[in-house]
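Here's the structure we're looking at; comments come further down.
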Amino acid sequence: MMAIKKVSTSAEAIKLARRHAAEALKEQTLHSNVWCDKNVDCYYQSELYRLADAALALNDKK
């Protein structure tokens, strides 16, 4: 069962959205069915992880 999270401020909503986006991006790398050629070194997956980390880093800023 999925828990429902109530947010009461815009800042809290934005942080939650960033965290969920990061989780979704990292999950996408596992189920994307994208395989990169050796000379590409899988930029697809590394870019998804970079975007996820950027979203989480925004949450860490004060």
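Quick note: the sequence shown, position 19, residue 14 per our numbering, numbers continuous.
We put the CB at the ideal spot given by N, CA and C, even for glycine.
The structure displayed is predicted, hence computed values, not measured ones.
Which of helix, strand or coil does DSSP assign to residue i?
i     : result
LYS1  : coil
GLU54 : It should be pointed out that residue 54 corresponds to Asn in this sequence rather than to Glu. Helix.
ASP36 : coil
SER27 : coil
I'd like to check one pair, residue j with residue i: are the Cβ atoms closer than 7 Å?
i     : j     : result
ALA17 : ALA50 : yes
ASN54 : LYS10 : yes
Does the beta-carbon of residue i have 16 or more other beta-carbons within 10 angstroms, so that it is buried, or is it exposed?
i     : result
ALA19 : exposed
ALA47 : buried
LEU43 : buried
Let me make sure I understand the geometry here. Which of the options has the alpha-carbon closest to that of residue i?
i     : options             : result
GLN23 : ASP36, ALA12, SER41 : SER41
Query - the segment -3 to 7 contacting the segment 28 to 45, beta-carbon criterion three pairs below 8 Å - result: Segments in contact, no.
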